[in-house]
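Enquirer:
Residue numbers (UniProt numbering): 1 to 165.
#1: As a quick exercise: from 29, 33 and 25, pick the residue whose alpha carbon is nearest that of residue 18.
#2: Are three or more beta carbon pairs between the segment 107-126 and the segment 75-95 nearer than 8 Å?
#3: If you draw a straight line from the C-alpha of residue 144 to the C-alpha of residue 27, how long is it?
#4: Where residue 57 and residue 44 are concerned, what is the direct C-alpha to C-alpha distance, given to the nearest angstrom?
#5: Could you name the residues that DSSP lists as bridge partners for residue 135?
#6: In angstroms with no decimal places, state the Cα-to-Cα distance between residue 73 and residue 61.
#7: Taking the alpha carbon of residue 130 as the point to measure from, which residue in 71, 23, 55 and 38 has its own alpha carbon closest?
#8: Answer with buried or exposed for residue 66, where buried requires no fewer than 16 other C-beta atoms within 10 angstroms of its C-beta.
#9: Could you check whether the Cβ of residue 84 sits closer than 7 Å to any heavy atom belonging to the ligand MG?
#10: Please classify residue 21 as buried or exposed, where buried requires at least 16 other C-beta atoms within 10 Å of its C-beta.
#11: Can you tell me the Cα-Cα spacing of residue 15 and residue 98, whole angstroms?
#12: Under 8 Å, with one C-beta from each stretch per pair, do the segment 34-50 and the segment 73-85 reach the 3-pair mark?
#13: Which stretch, first to last residue, makes up the alpha helix (DSSP H) that contains residue 53?
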């Protein structure tokens, strides 16, 4: 995607995003290019989905907004950043009996495991300190609504295969 000269190749996996290189960051151009918004809103910074920095941004937004739900976190995230499949990124709190709820680590589900009954029972969760395999009973999804305005639930992941797709 990036050429040795530092410019962005016109062809590649992100070409449909019309990426541009500005302030040493890759930004995406979209239909908001002519809107009367801040530069950050018109040209959001491209953030990789599986990078630890992405989790740091999400955690900061979540905590800065008094442990807000997913909809608010996503809205705030999108004011400056763009991440592929942000809505599909399942953000969870990882339950820990030794910590109060406000101190539970935040994580992103990276892979799910379906039990013999067809229900997701275990998930790999990436947190700031590593990747852990956890029983979904120990995970608390941040409140979120899906496209049909029905509350999303970790059991909706049962349709995913073992590769998380």
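For every residue, glycine included, the Cβ atom is placed at its ideal position computed from N, Cα and C. This one's a predicted model, so the numbers in the text were calculated from it and none came from an experiment.
Expert: Judging by the given coordinates:
#1: Within the chain shown, residue 18 is the residue found at index 18, counting from 1. Of 29, 33 and 25, the residue nearest in Cα terms is 29.
#2: yes
#3: The sequence position of residue 144 within the chain shown is 144, counting from 1. The sequence position of residue 27 within the chain shown is 27, counting from 1. For residue 144, the pLDDT reaches just 47, beneath the cut-off of 50, and the residue's location in the model is therefore unreliable, although a value from the coordinates is still provided. Going from the Cα of residue 144 to the Cα of residue 27 covers about 27 Å.
#4: As a first step, residue 57 must be located in the chain shown, where it is residue number 57. As a first step, residue 44 must be located in the chain shown, where it is residue number 44. Each residue's alpha carbon lies about 14 Å from the other.
#5: Here residue 135 is taken as the residue at index 135 of the chain shown, counted from 1. In the DSSP output, where bridge partners are listed per residue, residue 135 has 122.
#6: The count along the chain shown starts at 1 and reaches residue 73 at position 73. The count along the chain shown starts at 1 and reaches residue 61 at position 61. Roughly 6 Å separates the two Cα atoms.
#7: Counting from 1 along the chain shown, the entry for residue 130 is found at position 130. It is 55.
#8: Here residue 66 corresponds to residue number 66 of the chain shown, with the count starting at 1. Flag for residue 66 reads exposed.
#9: No copy of the ligand MG occurs in the structure displayed, which carries no ligand at all.
#10: Here residue 21 refers to the residue found at position 21 when the chain shown is read from its first residue. So residue 21 ends up on the exposed side.
#11: Sequence index remark: in the chain shown, residue 15 carries index 15 (1-based). Sequence index remark: in the chain shown, residue 98 carries index 98 (1-based). Residue 15 and residue 98: Cα-Cα distance of roughly 46 Å.
#12: yes
#13: Walking along the chain shown from the start, residue 53 turns up at place 53. 52-64 is the span of the alpha helix (DSSP H), which, as asked, contains residue 53.
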